[in-house]
């Protein structure tokens, strides 16, 4: 016997169809960018804009290989390096922030000092500052100390960016753990480090990965500081993208689209895997304190 | 106005939560769905409410087949285990909430709210929000909200489970009074047998989605239909001893209890249908055992393992070498751990269960 | 057996000894933060009181509050503030509306929900640069699809970025498009934390959809919406990348936000000290907003109880 109505909060395929249409419309600009990546130069700038065209992979190859004007043979571009840089820099800095932040969060959670709330507030405030405020001194600092253009310079900076958020979020995860289990382990004679690594960390592993993803999203696309503080060797993809703009022949949209599409893949993949965790991260753990 | 469930079944994927349940609740009757966790009682209740749709079978409210109707069209009232009080409304507003769909005038609404809050002693807290209430107060508001309407039936999901023991005792009595005034069928889901025994007109004991027995509290206690019900109802739990029938002659029968002892007790006449050598289970309640000074044919010898004073009564754990028995007796009876005693089965109090777990008894 | 026994282990135990433990664990984080954030902040604060120019080699002279005065009386600065305010408020309002509607949409569980959700989350994952460049293309009168689509309705080509209003609209749309999913996530997190049995009770009580929304849904997300507003406002205040790329502050200087202006002052005109002063004024505003933000976060704690 067919039952007509559904449980509260659930919906069926009709609903899926409707949301898909809406989602698709919202996604359209992204889709256009991806499509552009497969277009030839003329197609990309066709008037009127073309939805249907013969696709080409030229742009994707151009990302990595460029025909040299002088020798006529193709030469590897530095895009591979830039991709590596982005991954390396973002991954390392978010990872570092995670490690450092976890230690600090553990301290804030388990061994509260008198001015705990104040410290936490100050830490959070550093995140709230517009980059503009610190850009000048940091630029000077980097120039003077020779950190400009190095990996470590930008990595340290990004780590600093990610620390506040990581500390806050991870602290909320620690707060949720049951301290009695740890006490029991201590009674059994475990060392402090074993309590930490063997008990606490495994329990919040999911939360840690969420923090990692979130930090990654924020750091991956960072432009301003990367623009000013990375050199030729350490350049990240967002900066490289911007550089393709100031060309003689105007913007090569196809090429740019190809870069964007490729650059989107890692972050898209990671986000998809950890969707549910992201939901937590967004509210900065304020659903519970 | 009655509730009828016909072959009601609910499946979640491969799991059958409720298995072909047939049940009728009469007008003004209070029926308790009782059973361990996971037995399907809450799912059954939700199907009556319309919050779950039956996979098979039908629900009839007041003679009408409502199986396809959404909860809001069935005009039922339900009180939830977690109270489900609207956090942003005051107590008075919570109580009045269900009445908005009925098109009553403001004076009428206020009058009803006043009446209910008097009955449930909520007058003092009408302006508070759920976040500021104590557990007991929240529970009363939840009950109040469900009885303020005039629905086809009342449904309660574990109404007392979140209260502490003392509050529970108080509320049990109060709710029973309140329920007596209502003239609609009421279904209460609980896992606490004491609640069921005190509040229900009839109890439906459930296990694994099926109803094991539907009967008055008295019968469910005195005349359990099978091993499960016998073991579930009654605290301390009924003693269940595996035994073999050795001889029977009408009024009494002899059994060999595994471990060597034999016992000769009065039994239900139906036992004579069994042939000697049949394996059975003897069921005798702790309060139907007696310490006797000398060995008797209707008793066994045992050693006292643990003595637990319970105030007016004492609970003793006995062992006959193979089985543990629980015995409850008046506190004045001297019992010492380690003592060897004779335990007598009071006449006519032993239930005999055959290997298929059904009781052998004259209906 | 009190928990005052010395824990076993060597160096690790020394490090994590109760007296030192808290401080030590926190040190790495604080150090990095200090060097990278707080120290530069203090430096720039100091700079704002001198007349330092990054391009010249002259020893900077102490100027007291001179820089602050100059900045606050500069008409151009107030114009930029106004522009920024317009952009911020328009974008945030759009984000709120779109984000909220989308959250309501995704609150239900339906088949393929995860996949459709990803579609909607993607804009957030693009870099500002790419959004800037391509939206600029979309707005292009000849090549852009916006103009193309509108051509069906009007005869002429559509020039969005030519006028100040149009340019602002263009920026606002790009920004709102990117970040509405963020608001959606926030509200969604609130929506899914509403216990299902509240809705069931409302269903049993035969409450209308509107009443259900007002009584159950809205209170839960009220503070989250507020959070979204404050956070997005603070972030949009800092808006630089999108503006820089789509309009470069133009036409003229009609879309030059504070952030872009700051950038120019510091790196194109090399008025380092002045920009520091301005930056601190901006910072002050942001701190005030931050406090409001945190206050509302604390409110949320109490509310859901």
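Protein chains in written order, with the numbering used here: chain A, 13 to 301; chain B, 222 to 584; chain C, 2 to 306.
Every residue, glycine too, gets a C-beta built ideally from N, C-alpha and C.
It should be emphasised that the depicted structure is a prediction, and the values quoted were computed from it without experimental measurement.
{"query": "For a contact meaning CB atoms closer than 9 Å, what does residue 208/C contact in chain B?", "result": "293, 318, 319, 321 and 322"}
{"query": "Going by beta carbon distance, what residues of the same chain come within less than 6 Å of residue 578/B, once the five residues before and after it are set aside?", "result": "447 and 448"}
{"query": "With residue 572/B as the anchor, note down where its beta strand (DSSP E) starts and where it stops.", "result": "572-575"}
{"query": "Determine the closest residue to residue 349/B out of 314/B, 363/B, 463/B and 324/B, with distance taken between C-alpha atoms.", "result": "314/B"}
{"query": "Among 559/B, 487/B and 560/B, which one has its Cα closest to the Cα of residue 568/B?", "result": "487/B"}
{"query": "Residues of the region 138-151 of chain C with a CB closer than 8 Å to any CB of chain A: list them in chain order, please.", "result": "138, 139, 143, 144, 145, 146 and 149"}
{"query": "What does residue 216/C touch in chain B if you count any residue whose Cβ is under 8 Å from its own?", "result": "307, 309, 310 and 318"}
{"query": "Any idea what DSSP makes of residue 405/B, helix, strand or coil?", "result": "coil"}
{"query": "Residues of chain C with CB closer than 7 Å to the CB of residue 299/B, please, in chain order.", "result": "205"}
{"query": "Could you check how far apart the C-beta atoms of residue 430/B and residue 271/B are, in whole angstroms? I think they sit under 8 Å.", "result": "At roughly 19 Å, the Cβ-Cβ gap does not stay under 8 Å, so residue 430/B and residue 271/B are not in contact."}
{"query": "Between the region 244-276 of chain B and chain C, which residues of the former have CB atoms less than 9 Å from a CB of the latter, in chain order?", "result": "267, 270, 271 and 272"}
{"query": "Pick out whichever of 513/B, 251/B, 256/B and 229/B has its Cα sitting closest to the Cα of residue 243/B.", "result": "229/B"}
{"query": "Given this structure, state the Cα-to-Cα distance separating residue 495/B from residue 437/B, to the nearest angstrom.", "result": "29 Å"}
{"query": "Between which two residues does the beta strand (DSSP E) harbouring residue 227/B extend?", "result": "224-233"}
{"query": "Is there a C-beta anywhere in chain C that falls below 8 Å from the one on residue 303/B?", "result": "yes"}
{"query": "When the Cα atoms are used, what is the spatial distance from residue 208/A to residue 106/A?", "result": "21 Å"}
{"query": "At 4 residues or longer, and completely inside the region 103-169 of chain A: list those alpha helix (DSSP H) runs for me, N to C.", "result": "128-140 and 143-157"}
{"query": "Tell me, please, whether the region 144-164 of chain A touches the region 32-46 of chain C by the rule of three or more beta-carbon pairs shorter than 8 Å.", "result": "yes"}
{"query": "What's the gap between the Cα of residue 265/A and the Cα of residue 38/A?", "result": "21 Å"}
{"query": "I need the DSSP call for residue 148/C, collapsed to helix, strand or coil.", "result": "helix"}
{"query": "Closer than 8 Å by C-beta to residue 125/C: which residues in its own chain qualify, once you throw out the five before and the five after it? Chain order, please.", "result": "179, 180, 182 and 183"}
{"query": "Within 10 angstroms of its Cβ, does residue 411/B collect 16 or more other Cβ (buried), or is it exposed?", "result": "buried"}
{"query": "Helix, strand or coil, according to DSSP, for residue 554/B in the structure here?", "result": "coil"}
{"query": "With which residues is residue 427/B paired in a DSSP beta bridge?", "result": "432/B"}
{"query": "At a CB-CB cut-off below 8 Å, which residues of chain C make contact with residue 183/A?", "result": "Here the premise fails: no neighbours, minimum Cβ distance about 11 Å."}
{"query": "Rounded to whole angstroms, what's the CA-CA distance from residue 565/B to residue 400/B? Just pull it up for me.", "result": "42 Å"}
{"query": "For residue 216/A, I'd like the list of residues in its chain whose CB is within less than 6 Å of its CB, leaving aside the five on either flank, ordered along the chain.", "result": "185"}
{"query": "Measure how close the beta-carbons of residue 154/A and residue 241/A come, nearest whole angstrom, since I'm counting them as under 8 Å.", "result": "6 Å"}
{"query": "Just the C-alpha distance for residue 233/B and residue 275/B, rounded to the nearest angstrom, thanks.", "result": "10 Å"}
{"query": "What is the C-beta distance between residue 247/C and residue 146/C, in whole angstroms, given that I count them as a contact (C-beta under 8 Å)?", "result": "Contact doesn't hold; Cβ gap of about 15 Å is too wide."}
{"query": "Roughly how far, in whole angstroms, is the beta-carbon of residue 382/B from the beta-carbon of residue 413/B, given that I think they are within contact range, below 8 Å?", "result": "7 Å"}
{"query": "For chain A, is any of its Cβ atoms less than 8 Å away from the one on residue 135/C?", "result": "yes"}
{"query": "According to a CB-to-CB cut-off of less than 8 Å, which residues of the region 113-130 of chain C neighbour chain A?", "result": "113, 114, 115, 117, 118, 119, 120, 121, 122, 123, 124, 125, 126, 127, 128, 129 and 130"}
{"query": "Please report the straight-line C-alpha distance between residue 211/A and residue 224/A, rounded to a whole angstrom.", "result": "20 Å"}
{"query": "Counting only the same chain and skipping the five closest in sequence on each side, list residues whose C-beta sits under 8 Å from that of residue 287/A.", "result": "none"}
{"query": "Residue 26/C and residue 138/A - do their beta-carbons sit closer together than 8 Å?", "result": "no"}
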